[in-house]
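Reviewing the structure listed below.
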Amino acid sequence: EGKEIVLKLLADADVLIHNYRPGVPERLGIGYEHVASVNPNIVYLQSNGYGPDGPGAHRPSTHPVPGAAMGGVMYQMREELPSKIQDFDGLCLWTRRLMRANEVNPDPNTAVVVATSAMLGLVARQRTGMGQQILVDMFGANAYANHDDFLSYPGKSSRAMPDHMMHGLSPCYRLYATSENQWVFLALISEREREKFHTILSDVGIQVPTVEMLEENDSVLEQALELMFKQQDADSWESLLAPKGIGCVRADRTTPSDYWLHDPQAVALNAAVPIDHPHWGEYKRHGAMVNFDGEYRPLKAPPMAGQHNKELLVSLGYEPDLADRLEASGILYRE
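So the sequence shown is numbered by our numbering: it starts at 29 and just counts up by one.
Rendered as structure tokens:
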């Protein structure tokens, strides 16, 4: 009875996205061949950890695995891991670094590829009149996200890696401690910026490394800039450099969560908006990433599992009380 309802729902669907491992949809009666027999125009997207074939196809995949395998962790926290057994404080430090390095990437990378692939499937259907099966795997998605280093060829420049304290990628692109126990982030990308940086500081009598030194990527320049930035607090450096087009800003004002929830700029962008959840009540969720027609449209809370069972069944022509019976029998699930 449940399978009949699912196929009836899919008969009029544009897209089906699932992340079952290979073989599971077929056992449930919703494999591509079965679904296409009732709706040949459907865009059927299957997202797995390791793809549909090969010895790893049936293995489960969780968020950190493809991120680690595709190198995202090492690019965020440097290639060198501690070679000696750590004490408790050291273990906490490296665990925290590993977690932060891998936490933001693998699932969102895959989500972007899944959404893009589904949209491409719809465009292809619009142009050809044909639906199709689309296969996405987390390894491929994260390889795409790291494509700049996933591809290798003779003469390719090495990727810049963080320093041993993970303050940045080079002396001219990193965090620096200032006076008053504060921090700034310096970003001198081009030769013009490095020359301007030198001129601004020289004009106010601050001893600064030469332009030639600023071109070097070495510890001597790093130490010279460390000593220089210690002479003033972060706000003073930002006030001196940022208004003149130099990338140098205070980097310790707030935590990411405080910024997104309370910073005036984030508030003006509706980055976090209050919504009412049917179970958790009022809380803040991220705002709309894109506004159409220049107008902000409030977002709703994410639905709970089964929240729209009754509406969906009625839209398919079933009686409203069928949802209650199917939920009671375990055919339909509802939180």
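By construction, the Cβ of each residue, glycine as well, lies at the ideal position given by its N, Cα and C atoms.
Computed from a predicted model, the values in this text were never measured in an experiment.
Here A173 is near N133, since their CB atoms are less than 8 Å apart.
DSSP lists Q74 as the bridge partner or partners of H46. The DSSP-derived three-state label of H307 is coil. Contact between G82 and V93 does not hold, since their C-beta atoms are separated by about 15 Å, which reaches or exceeds 8 Å. Runs of alpha helix (DSSP H) with 4 or more residues, each lying fully within the region 206 to 284, are found at 219 to 231, 239 to 242, 247 to 257 and 262 to 269, listed in chain order. Just so you know, the alpha carbons of F178 and A146 end up roughly 24 Å apart. Straight-line measurement puts the Cα of V141 at about 33 Å from the Cα of L121.
Taking every protein chain shown into account, the CB of V63 has 16 or more other CB atoms within 10 angstroms, so this residue is buried.
The beta carbon of D135 lies closer than 7 Å to those of H91 in the same chain, with the five residues before and after it left out. Between L344 and A351, the CB-CB gap reaches or exceeds 8 Å. For Y201, DSSP records a beta bridge to S198 and A215. Within the same chain, and ignoring the five residues on either side of H226 in sequence, the residues whose Cβ sits closer than 8 Å to its Cβ are V236, P237, T238, V239 and L242.
In this structure F116 is exposed. Its beta-carbon is surrounded by fewer than 16 other beta-carbon atoms within 10 angstroms. Residue burial annotation: D165 is buried, with at least 16 other C-beta atoms found within 10 angstroms of its C-beta. Under the criterion of beta carbons closer than 8 Å, G149 and L73 qualify as touching, at roughly 7 Å. Within the model, the alpha-carbon separation for E32 versus V101 is close to 44 Å. At a cut-off of 4 residues, the continuous stretches assigned as alpha helix (DSSP H) that sit fully inside the region 118 to 195 are 134 to 156, 166 to 173 and 175 to 178.
Beta bridge pairing from DSSP links P302 with K312. The Cβ neighbour count for E250, taken over all protein chains shown within 10 Å, is at least 16; the residue is labelled buried.
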